[in-house]
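Structure, as structure tokens:
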Amino acid sequence: MKSNFIFCFACIGLLPFCQSVEDSSSSCTPSTLDGLECMIEVTTSKFWLHWKLDQVIGSIQLAGEAPATGWVNFGWGTRMVGAHVVMGSTSTSNQELQGATVHTLNDDYMAVPSSVFAIEDESVTEVDGRTILRFTRRDISDLNSTQEMLWSTMSESTPYTYHGTNRALFTVNFVTAENEGGGEGKDLKSLHQLHGFMMALGWGVLLPTGIFCARYFKNSAKFDPWSLEPQLWYRLHVSLQIAGLVFAIIGYIVALAEFDSGEHSDLHKNIGHSVIAIGLFQPLNGLVRPKIGAKFRRVWEWTHWVVGRGVIALAVYNIFLGFESYNDIYGDNSANPWPFVFVGWLALFGLVAIVFEFIEKPYARPFSGQIPANQEHEQAGTESKKDPSHSDL
Numbered sequence: 006m007k008s009n010f011i012f013c014f015a016c017i018g019l020l021p022f023c024q025s026v027e028d029s030s031s032s033c034t035p036s037t038l039d040g041l042e043c044m045i046e047v048t049t050s051k052f053w054l055h056w057k058l059d060q061v062i063g064s065i066q067l068a069g070e071a072p073a074t075g076w077v078n079f080g081w082g083t084r085m086v087g088a089h090v091v092m093g094s095t096s097t098s099n100q101e102l103q104g105a106t107v108h109t110l111n112d113d114y115m116a117v118p119s120s121v122f123a124i125e126d127e128s129v130t131e132v133d134g135r136t137i138l139r140f141t142r143r144d145i146s147d148l149n150s151t152q153e154m155l156w157s158t159m160s161e162s163t164p165y166t167y168h169g170t171n172r173a174l175f176t177v178n179f180v181t182a183e184n185e186g187g188g189e190g191k192d193l194k195s196l197h198q199l200h201g202f203m204m205a206l207g208w209g210v211l212l213p214t215g216i217f218c219a220r221y222f223k224n225s226a227k228f229d230p231w232s233l234e235p236q237l238w239y240r241l242h243v244s245l246q247i248a249g250l251v252f253a254i255i256g257y258i259v260a261l262a263e264f265d266s267g268e269h270s271d272l273h274k275n276i277g278h279s280v281i282a283i284g285l286f287q288p289l290n291g292l293v294r295p296k297i298g299a300k301f302r303r304v305w306e307w308t309h310w311v312v313g314r315g316v317i318a319l320a321v322y323n324i325f326l327g328f329e330s331y332n333d334i335y336g337d338n339s340a341n342p343w344p345f346v347f348v349g350w351l352a353l354f355g356l357v358a359i360v361f362e363f364i365e366k367p368y369a370r371p372f373s374g375q376i377p378a379n380q381e382h383e384q385a386g387t388e389s390k391k392d393p394s395h396s397d398l
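Each residue of the sequence shown is one higher than the last, beginning at 6 in our numbering.
Next comes the structure, spelled out in structure tokens:
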């Protein structure tokens, strides 16, 4: 009798715990897959997450469902690069990806095996154009905590094909079924193209053309329109430099606002930061140029000449690093014509510059401090308000 009395009190004491467990399972949307209990539609009509939690042994059965026939992956992480995901495909044309395996995406956008966690009972099935990736994970340290996760899918069989907007970040608590995020991802491909176009136009076209005008059009006797307006070369030079810098800054802002810090190599990012900083220094340097014949005029010419050409050379090198990074993310570079177009432009520009170097000797050689004839009045103390006095820039 006494033992029965103690048993009843024990059951009453465990009742709140039993009730909480029952509530946690009944509060979620029932899974449509056999053997699983809960589900959420992470991204409308694109990805569903199913699970069954076993808190006694600390394991969880998971399934990701997507309307894709190529590959599906989902797992843990706050950004694509460095996330640890389970990736799977039913494709027989990709032996490396066939089945389900744990991968991580490295800085070169290559999916490589990961040993951060192990999975069991993995399977990948395709039913009516929908791929279902299932596995069991037993090593989650705290199943009661909110999990930071992500997913992505692609209809093609290769795991390295860009997923476009078929990806999202989300959070979920497997006990309460509370979840956030999962909104459709941005198509970063168009943003990468915009960034690259702005940088190539600014650093590769407008800024070099501005230097070209300063070197070859300054009071040139062979270009009558230029000699009729001695300051025209200077106005072209300044206008092209400003326009080129504006386009470069727009491309820089796009990168800062839209791109993950881990999407590109540190070298590409660091050079990008550097050339923007130096590019902003150049116009400031132009504002403090000494008058013609002044003591530090030659030092200023040297600084402006070397820094201007040096930063453009560095920026052009970084543009090619960007092309390489773009290829790493989106695949076969032969399908992208822009690197070839850019190389063609640089070759044409270089050829024209060589021709001008031979047929049109620049009026003032670098660092000479030489005073152009049309500005001799400046030496007499009547310097014009606008000083088109760069030597060979």
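Glycine included, C-beta positions come from ideal geometry on N, C-alpha and C.
Since the structure is predicted, the reported quantities are computational estimates derived from the model, not experimental observations.
Tell me, please, which residues DSSP counts as bridged to residue i.
i	result
residue 65	58, 142
residue 43	35, 56
residue 175	154, 186
residue 159	76
residue 108	90, 118
residue 137	70, 130
residue 48	52
Would a C-beta distance cut-off of 7 Å place residue i and residue j closer than the cut-off?
i	j	result
residue 129	residue 75	no
residue 68	residue 41	yes
residue 105	residue 200	no
residue 136	residue 77	yes
residue 291	residue 245	no
residue 157	residue 171	yes
residue 205	residue 347	yes
residue 248	residue 289	no
residue 295	residue 301	yes
residue 127	residue 95	no
Pop quiz: residue i and residue j are said to be a contact at Cβ under 8 Å. What is the actual Cβ separation, rounded to whole angstroms?
i	j	result
residue 153	residue 109	With a Cβ gap of about 15 Å, residue 153 and residue 109 do not count as contacting.
residue 250	residue 284	5 Å
residue 64	residue 139	In fact, because the Cβ distance is near 13 Å, the residues do not count as touching under 8 Å.
residue 304	residue 175	That pair is no contact at about 58 Å.
residue 213	residue 364	So it is not a contact: roughly 19 Å between Cβ atoms.
residue 358	residue 217	7 Å
residue 148	residue 58	6 Å
residue 43	residue 34	7 Å
Can you list, in chain order, the residues of its chain whose CB lies under 7 Å from that of residue i, leaving out five sequence neighbours each side?
i	result
residue 26	In this prediction, residue 26 scores a pLDDT of 40, lower than 50, which makes its location untrustworthy; the coordinate-derived value is nonetheless stated afterwards. So no residue of the chain qualifies.
residue 81	88, 89, 152, 153, 154
residue 100	Only weak support is given to the placement of residue 100: the predicted model assigns it a pLDDT of 49, under 50, and the question is left unresolved by the model.
residue 186	173, 174, 175, 176
What span of residues does the beta strand (DSSP E) with residue i cover, start to end?
i	result
residue 93	89-94
residue 80	76-81
Leaving out five residues on either side along the sequence, give the residues of the same chain with a beta carbon under 6 Å from the beta carbon of residue i.
i	result
residue 344	328
residue 45	54, 184
residue 281	257
residue 255	203
residue 263	196
residue 361	221
residue 274	none
residue 121	89
residue 386	Confidence at residue 386 is low in this model, with a pLDDT of 38, below 50, so its placement is unreliable and no value can be given for it.
Going by DSSP, what residue range makes up the alpha helix (DSSP H) through residue i?
i	result
residue 128	It is not in any alpha helix (DSSP H) - residue 128 instead sits in the beta strand (DSSP E) that spans 125-132.
residue 364	343-364
residue 213	212-221
residue 251	237-263
residue 299	Counting along the chain, residue 299 falls outside any alpha helix (DSSP H), and DSSP gives it neither H nor E.
residue 193	193-206
residue 280	271-292
Got a sec? Which residues, its chain only, sit under 8 Å from residue i by beta carbon, not counting five neighbours each side?
i	result
residue 321	208, 209, 351
residue 124	91, 105, 107, 140, 141, 142
residue 32	181, 182
residue 341	328, 331, 332, 335
residue 62	143
Any heavy atom of the ligand GTP within a distance shorter than 6 Å of the CB on residue i?
i	result
residue 343	The ligand GTP is absent from the structure shown, which contains no ligands of any kind.
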